[in-house]
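All remarks here apply to the structure that follows.
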Amino acid sequence: MKHAWIAGLLLAASSGLAMAQPAASDMLAEYRKMLADGNPSELYEAEGEELWQKPAGPKKASLEKCDLGLGPGVVKGASAQLPRYFEDTKRVQDLESRLMTCMETLQGIPQAEVVNGTFGKGVRKDLEAIVAYIVTQSKGMKISVPASHTKEKEMVALGEKIFYLQGGPMDFSCASCHAVDNKRIRMQDLPNLTKQKGAAEGWGSWPAYRVSSGTFWTMQRRLNDCYRQQRMPYPIYGSDATIALSIFMANKADGGEVQTPGLKR
Amino acid sequence: MKSIFKQRVMTGLFISAGLVGMAAQAQTIDPAVQEVMKKSFREQGIAKLDRIEQDEFQRLCSDEAFYASKEGQQKAIALQEKALKEIKPPSDGKYLGDWKAGEAIAQSGRGFTWTDSLKTVNGGGCYNCHQITKEEISFGTIGPSLLGYGKMRGNSQPIIEYTWNRINNSKAYNACSNMPRMAHFNLLTEQQMKDVMALLLDPASPVNQ
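Note that the protein sequences, when read in sequence, are chains A and B. Under our numbering, think of the first position of the first sequence as 725, with each following residue one higher. Under our numbering, think of the first position of the second sequence as 880, with each following residue one higher.
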C-alpha cells in the first residue's frame, strides 16, 4: 500500500516545474528516507520461493535441482557469482539465461516461450519472481565474478566493447551516461560503471523494486530499458550482448557488496 | 526518418571502407562484435535494426584508444570540418523563434524510442543534461550549465551562428561530443531549433534573467 503513495509523492516532486526549490528538495529527501523502510520486492521473493519448489511444466518437475554454478539446488550465494561459464551449455550465462536453461531441461518449458514473451507476463513473470527469490539469498555477500575462465575473459572483453558502442539517431552508448563520476540525468544519479565503486553500486543494487512503475525489475529488464532510452533496437531477452554487458559490469564490481533486491525511484 | 538514417549510414560505410584500404593506421573493426550485436537485437516499433549500423562519427567515438591516437585525431578533425560545411542556416534567415515554445522543447525528452511513434512530437531533452533556467531544479549535469547563456555572450552574429551550429550538429566542433546531432538525424525541426535558440539567446528568456 505504502509504495503507491510514495510513487505519487515522487511524481509530484519530479514534475514540480513551478514548485519552489526548498519544497521540492525536501520532498525528495523525504522520499529517500521512506525508501529505506521496506522493500515491496518481498512479495515477489515469496512468490519466487514457492515457484522454485513447485512442480511445473510438461515434466511436472521443480527447479530444486537447478545448478546456478554452486551445485544442484544451491541458492545461497548463487547470484553473487553470476554471470559465469557453464560447462553443460558451453556458454557464459547470467541468472536469467541460466534459469531458462533449468526451466527447459528440468521442467520442459521451451526457452523460446520466455525469450519471446513480455516482461511481467506469463512464464517470464514467473522467472522474474524466481529471480527476486534467488538474488535475496545473496544479499550482503561479496560480488565474486573474477572472470578467470577463458570464455569469461572473452565475454568481459566483448562486453567492454559493447559498452562503448555508439548507435541510433542520438549516437548513444552505455558510456554516454555511465563512464564519468558524479553525473546525473535530471535528478537521477548515474553510477560510473567503468570503475569498481560505481560498478558495485550499479550492478550490486539490481535487480530492484522500482517505485515509479510499481514493479520488480530484473537486470535484463534494466538493460532493456537502458537500450530503449538509448533509442536503440530491442535487445533480445538473454542475448549474448546483454550477458556480455552484465559480466563486464559484474567483473568491474568484483569485491563489492550485493545489495539485491535494490529499491529504486 | 528511417531512409535518411539508412542513407547516411550507407555513405559512411562506403567512405570508411575506402579509408581502410589506404591508411596504414586505420581503425580496426572487430567483426565478432558486429556479429554479436546483429544476433542480440531485433526491431521493435520505429526502432529498426539499421540503428546498430554505425556511421563514421559513431565508429570513431566507440573506440577511445583509436580516437586518442594521432590518426584518430586527424579523422576527428576531418569529420568535424565536413559536418560544419553540411549545416544549413535557417531557410528564412531568422535564427530566433519563441523562447516559451523553446522551454517546452527543452523539457520534453520524448521521441525516437520503440515506445514512441512517428507521430510523437519529439523533444530536445535538453534538461536531461543541462541546467537552463533557475526555475527548473530537475536538470542533468552531463552537459555544461546554460544558465545566463545569452546574457554572458550577447547576441552578436558569430554567437548566434555558433549556437545554431552547435544545436544542429554539436559534433561539428567536437567529434565525440555527447550531444545528439539535432538536425543531422532530424531529431528536431528547423522551427523547434529556432525556439531553442530563443530560449538561450532572447533577452526576455528566463535563461537570461
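Every residue gets a Cβ at the ideal spot worked out from N, C-alpha and C, and that includes glycine.
At a cut-off of 7 Å, the C-beta of T1020(B) has a neighbouring C-beta in chain A. Beta bridge pairing from DSSP links P796(A) with D791(A). Listed along chain B is no residue with a C-beta nearer than 7 Å to that of C950(A); the closest approach is about 11 Å. Assignment of alpha helix (DSSP H) within the segment 773-861 of chain A, counting only whole runs of 4 or more residues, yields 819-831, 835-839, 846-860 in chain order. Counting only the Cα atoms, Q953(B) lies some 30 Å from L969(A).
Contact with chain B is found for K885(A), since one of that chain's Cβ atoms lies less than 7 Å from the residue's Cβ.
Across the segment 939-959 of chain B, CB contacts with chain A closer than 8 Å involve C940, S941, D942, E943, in sequence order along the chain. Of G1004(B), A985(B), E982(B), the smallest CA-CA separation from F991(B) is found for G1004(B).
By the C-beta criterion, the segment 956-964 of chain A is judged to be in contact with the segment 906-920 of chain B, since at least 3 inter-stretch pairs fall below 8 Å. Interface annotation for the segment 1004-1016 of chain B against chain A: G1004, Y1006, N1007, C1008, K1013, E1014, E1015, I1016, criterion Cβ-Cβ distance under 9 Å.
In terms of beta-carbon proximity, A926(B) lines the interface with chain A, with at least one pair separated by less than 7 Å. N1057(B) reaches chain A at S900, counting residues in chain order whose Cβ is nearer than 7 Å. In the DSSP assignment, D995(B) falls outside any alpha helix (DSSP H), carrying neither H nor E.
For M824(A), no Cβ of chain B is located within less than 7 Å of the residue's own Cβ. By the rule that beta-carbons nearer than 7 Å mark a contact, E922(B) touches chain A.
Using a CB distance cut-off of 7 Å, I971(A) does not count as an interface residue toward chain B. If you ignore the 5 residues before and after V869(A), its C-beta comes within less than 6 Å of the C-beta of A974, N975, D978, all in its own chain and listed in chain order.
Taking the Cα of I971(A) as reference, the smallest distance to any Cα among E820(A), E754(A), L787(A) is reached at E820(A). The beta carbon of S1084(B) sits no closer than 7 Å to any beta carbon of chain A. In the three-state reduction of the DSSP assignment, W941(A) falls in the strand class. Looking at I931(B), C1055(B), R989(B), D929(B), the one whose alpha-carbon comes closest to that of Y946(B) is C1055(B).
Taking 7 Å as the threshold, the shortest C-beta distance from I1046(B) to chain A does not fall below it.
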